[in-house]
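Chains as they are written, first to last, in this note's numbering: chain A, 1 to 443; chain B, 1001 to 1459.
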């Protein structure tokens, strides 16, 4: 498909690149403890970008047998209105791409019965008379091919599986929701599923008792899930696009030490076993890892081909595209970690960080993350799921409390890194103990 | 197409089969600052099959290649039979509707050159940039589509729907040194090209607001009497209450059912809430939902009392209630689930206006517009676009970072006055649930007063 399309484009336009992707998903859903539905989905589509008379245009279709000429004509019409840009299409050959495992036979070949078995195991282990449990298991197999008129080609297959568990407990007007997931390229082992069960159980057990929230500038442990509000501003600010637009507070700060010197943040498309890993990005740029922050110092922003061209730098291989629309910047796997190795692991809630807290919180979920003026780093959210810590122990769940702070200020001095580093989707991080987080309670 | 679908239905060995096929033509233009990001035309198409067998669960297949339709009907049946259920899934009865429902295209977007659409958006984007040199960045987008949807099921329903949609939206980013503020305008209509021609003043207003907010103080946190403007009141009722009224939240959960018992008091007698998928000409309006059920006006809260909820055929059967036409899917890629359409707080006393609501407030907050809202059932957080202090019964200074946080039950019960100045607020974007985003919905409300609500921020 890619070759035919690029052949069609050659001669009609100056340059072109294209992505073809086919995805097959199989999913089972347990609702309130019962298996309710099984489904499949099959989708294929192609996205074409052209440079015609120096201007960029795109076109996409999910038609099963697209006419290459029609698609090229549509992309050219788009280019007539498009902006001028000098894209440097890479010309990496398939042989030069980094060899990483993205396809796991066990995942691709898992039968429907096996997926159901996994889900049933979770449902049985998590069943409680006063709780509703929803579980889903979703497996994906995808084929991707990319190419351009400069001669680059890349093709790879990926597998992915997501197992989610969602527990709801309603007592009177008190609603408690606990969620966790396993996401990987390979099937979860028995130990992985056991960890998922334990994670939900641990948080449920600690949440049964509701206690009064504390108040003031306090030490707060943000779990890997709770960290989203702190990480999101950095993800936005480290994107080459916001830097280019002049809206990133980190623009012009490369080389400056703005964060705790133990903190490193890496974008890594080469981590084995992760569904977001791939040998080449969606614009034919070979994958490599990028140090966004290295030992507290701003390292590099992420770019796709277009933003790199406009910023007069190189793409970091973070081009992502769907069937429709033009390529844009996307992170792959983000690792948020202590620069010097990982200490011995724990599965304790709070990552082993609460021992020295006289009075504070563990924040596992905040409501409304992503609303408001995210990029400034300031956040203020009511807690979705949080626990009070007193004299080094969890004393219960708090409701009707809000936490506020500024990600840039808080990450200047990290109290401690947790020993519970883990993946959540495409992000790896431990819990972080941050000091001086403003905690307010509703009277 | 209908014949082709009827043919596939006949071949199905399942007890119940439904097929939905969509073909969507769309175009999109986007600006970032002065630069055009994209101008494209796209075509998307595919199908969805869902089947049910006695004693079994749902079998579902979605696909982009329509040539595969017969194979997919067979696959869906196999999947259904792989799911054994003790308690069978039942579907509430709905008369089998047939026919065509073609919404007014109001200037067919397929007949307008892409260059014209670029020109229109350039005008709106330019209007924001021209407001001040402090507007350092914008994000503007135009998107339109015409979607053809065919729906058939083995009970005899056979429908063809033509659904247009057009959305223009813009964000203006104001910056002075380290301070960054934004203003947001978004218009989404189930209409066509003719309906989006005259919005320049609105885009100018939001850009000016972004500039004004640069000098505005942050609101002081605390408990205040709060007036919600029409837009925020609409978003509030959708997020904080609407999702709880979706029956798939309660139908298999006895505790949730108890919490949402019909007849329970949710508010003072001034409060009336409903969802109306049949309202004329709104973005959330559809003649039929994605199970072929006609849409309707469903009262949810009447004079403060919970009186109804939103249903699919499955949730209605389970609870012994009637389907309300609220089973919706964002595309052929997804099954229909219980969703809102056009959700509203009904107007209060006629002639009662905003000034009547603030007259006796000594110190309060007037919260306007919505950057977003999220609910975790009983608890919610809403970020207003901007706000004003109310002092001695009058609107006073502009304030920023107005975040409302609270408990749903307490907050609904504290709504003590509702004005008569109802408006539908037709925004772009949409609602997200169960991985399906964005679903076109509309919210409508008058000005609403909450006698006391918590505003976040430094105390």
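Backbone N, C-alpha and C fix where the C-beta goes; we use that ideal spot for every residue, glycine too.
Sequence-ordered contacts of the segment 30 to 60 of chain A with chain B read 31, 32, 34, 35, 36, 37, 38, 39, 40, 41, 42, 43, 44, 45, 57, 58, 59 and 60 [C-beta pairs closer than 8 Å]. Contact note: residue 239 of chain A does not reach chain B at a C-beta cutoff of 9 Å; the least C-beta distance is about 12 Å. Two segments are said to touch when three or more pairs of C-beta atoms, one from each, lie closer than 8 Å; by this definition the segment 1039 to 1055 of chain B touches the segment 1009 to 1024 of chain B. Residues of chain A with a Cβ closer than 7 Å to the Cβ of residue 1150 of chain B do not exist, since the nearest Cβ in that chain sits about 17 Å away. Less than 7 Å divides the Cβ of residue 108 of chain A from the Cβ of residue 159 of chain A. Contacts with chain B (Cβ-Cβ distance below 9 Å) from the segment 363 to 381 of chain A involve 365, 366, 367, 368, 369, 370, 371, 372, 373, 375, 376, 378, 380 and 381, listed in chain order. Using a Cβ distance threshold of 7 Å, residue 317 of chain A and residue 282 of chain A do not count as a contacting pair. For residue 1419 of chain B, no CB of chain A lies under 7 Å from its own CB, so it is not counted at the interface with that chain.
If you look at residue 1389 of chain B, you'll find it in the beta strand (DSSP E) that goes 1379 to 1391. From the listed residues A:91, A:348, A:2 and A:213, the smallest Cα separation to residue 203 of chain A is found for A:348.
Pairing residue 90 of chain A with residue 147 of chain A, the inter-Cα distance amounts to about 10 Å.
Per DSSP, the beta bridge partners of residue 1164 of chain B are B:1146.
Closest option to residue 1429 of chain B, judged by alpha-carbon separation, among B:1164, B:1406 and B:1189: B:1189.
If one requires a minimum length of 4 residues, the alpha helix (DSSP H) runs lying completely within the segment 299 to 339 of chain A are 305 to 310, in chain order. The Cβ-Cβ distance between residue 1406 of chain B and residue 1453 of chain B falls below 7 Å.
DSSP lists no beta-bridge partner residue for residue 80 of chain A. Look at residue 324 of chain A: its C-beta is under 7 Å from a C-beta on chain B. In its chain, beyond the 5 residues on either side, 1026 have a beta carbon closer than 6 Å to the beta carbon of residue 1042 of chain B. Going by beta carbons, residue 1023 of chain B and residue 1148 of chain B fall inside the 7 Å limit. One finds 1038, 1039, 1040, 1041 and 1114 in chain B with Cβ atoms closer than 8 Å to the Cβ of residue 78 of chain A, taken in chain order.
Taking 7 Å as the cut-off between beta carbons, none of the residues of the segment 286 to 302 of chain A comes near chain B. Taking a contact as a CB-CB distance under 8 Å, the pair residue 50 of chain A and residue 79 of chain A counts as one, their CB atoms being some 6 Å apart.
Uninterrupted alpha helix (DSSP H) stretches at least 4 residues long and entirely within the segment 195 to 258 of chain A occur at 228 to 237 and 240 to 245, given in chain order. Residues of the segment 213 to 245 of chain A with a C-beta atom less than 7 Å from some C-beta of chain B are 245, listed in chain order.
According to the DSSP assignment, residue 177 of chain A belongs to the beta strand (DSSP E) that extends over 174 to 184. Where residue 362 of chain A is concerned, the enclosing beta strand (DSSP E) starts and stops at 359 to 366. At a Cβ-Cβ threshold of 7 Å, residue 192 of chain A and residue 182 of chain A count as neighbours.
Looking at the DSSP output, residue 417 of chain A bridges to A:432.
Pairwise C-beta distances place the segment 1399 to 1415 of chain B out of contact with the segment 1191 to 1202 of chain B, as fewer than three of them are shorter than 8 Å.
With 16 or more neighbouring CB atoms inside 10 Å of its own CB, residue 1329 of chain B falls in the buried class. Collapsing the DSSP output to three states places residue 1072 of chain B in a helix. Secondary structure note for residue 95 of chain A: it is in no alpha helix (DSSP H), with a DSSP letter that is neither H nor E. Residue 269 of chain A places its beta carbon 7 Å or farther from that of residue 223 of chain A. Under the Cβ criterion of 7 Å, residue 1266 of chain B is not counted among the residues facing chain A. Taking 7 Å as the threshold, the shortest C-beta distance from residue 173 of chain A to chain B falls below it.
For residue 143 of chain A, there is no enclosing alpha helix (DSSP H); the residue is found in the beta strand (DSSP E) stretching over 131 to 148.
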